[in-house]
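Under the working numbering, the residues of the sequence shown are numbered 979 to 1217, in order.
Backbone N, C-alpha and C fix where the C-beta goes; we use that ideal spot for every residue, glycine too.
Below is one structure; the comments refer to it alone.
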Amino acid sequence: MNQKLKFVLVGLWISVHAWAQETAAVAPTTIATMQAAEKIRDEVCSGYSIKIAGEFNEVHDAFIKNLKTYGKVKEDRRRISVSNPSINGTMHQEKSMYALAKKGAPENYLWVGINMQEWEQASIDLINPQMEQVLKNFVLAYYRGRAQKKIDETQKAWNSIEKLQSKTVKQSSDLSRRLENNVKEKAHLQQAIVDNDNENVSLKARLVSNKKAQDSIAKVLEQVKKKMAVHQEELRKIN
């Protein structure tokens, strides 16, 4: 097996093994929130919380990006405010909704809510359920995005392996053809019998090495196919 192909196979084996051992966020089949109160600027605010798996900075950045779709976001020590929020097509002028993002192990904590003192009672009854939906919508989008990213990465690896597999098959055909020609040439070139025999042995060795490479690639491809099936099932279960 040539050195370049050996390095490629080692890299593919490492990648597949890493996917198999991955313990990052796995999307639950349902998104469950809890009513929760948090203190913002020394005032108790009501809202909803949820636990979410994943690398905290990734979760936090995605959360902030999502909140910016509702209004102007300001963050101070993980305490987040969204001024003049627009929710379900309704702009709430001179109002704010608040959010928290806390790092945890194994799951992070997210919270969204309002300070009831800043809202009229009629608006509170309307906005409270919307806070829960804001949180659910983000978590659903986050997990779906992660699942799709895994599928895209796996597909990319799959394509690379199939390309490499096609290349080795072509190389195998080429080597076989060269070996056949070499055998024929040997009968006509008795004067060069020694050199011809040496090349014959070399080509046979390369053919055996190439067959081993094909077998190794086939094993890697099977692992990737299984992983793809797991990711697709994971995406399907997200509701």
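- Ranked by how close their Cα comes to the Cα of residue 1155, the residues 1122, 1185, 1144 have 1185 in first place.
- At a Cβ-Cβ threshold of 7 angstroms, residue 1024 and residue 1091 count as neighbours.
- Sequence-distant partners of residue 1211 (beyond 5 residues in either direction) whose C-beta falls short of 8 angstroms from its own C-beta are missing from its chain.
- The C-beta of residue 1171 has fewer than 16 other C-beta atoms within 10 Å across all chains shown, which makes the residue exposed.
- DSSP lists 1027 as the beta-bridge partner residues of residue 1012.
- If one requires a minimum length of 3 residues, the beta strand (DSSP E) runs lying completely within the segment 1074-1156 are 1074-1080, 1085-1092, in chain order.
- By a beta-carbon distance limit of 8 angstroms, residue 1057 contacts residue 1018. Their separation comes to about 6 angstroms.
- Contact between the segment 1097-1111 and the segment 1051-1071 is present: 3 or more CB-CB pairs across the two stretches fall below 8 angstroms.
- Between residue 1120 and residue 1040, the C-beta gap is smaller than 7 angstroms, which places the two residues in contact.
- In this chain, the beta strand (DSSP E) harbouring residue 1050 covers 1050-1054.
- In this structure, residue 1209 lies near residue 1128, with their beta-carbon atoms less than 7 angstroms apart.
- The shortest CA-to-CA distance from residue 1196 to any of 1142, 1175, 1163 is the one to 1142.
- Relative to the Cα of residue 1190, the nearest Cα in the group 1072, 1088, 1149 belongs to 1149.
- Per the C-alpha coordinates, the member of 1126, 1182, 1164, 1193 positioned closest to residue 1205 is 1126.
- In the three-state DSSP reduction, residue 1057 falls in the strand class (E or B).
- For residue 1184, the enclosing alpha helix (DSSP H) has its first and last residue at 1171-1215.
- In this structure residue 1032 is buried. Its beta-carbon is surrounded by 16 or more other beta-carbon atoms within 10 angstroms.
- Boundaries for residue 1066: no alpha helix (DSSP H) harbours it, and the DSSP string shows neither H nor E there.
- Taking the Cβ atoms as the reference, residue 1077 lies roughly 6 angstroms from residue 1045, within the contact range of under 8 angstroms.
- In the DSSP secondary-structure assignment, residue 1017 is bridged to 1022.
- For residue 1052, same chain residues with a beta-carbon under 6 angstroms away, outside a window of 5 residues either side, are 1059 in chain order.
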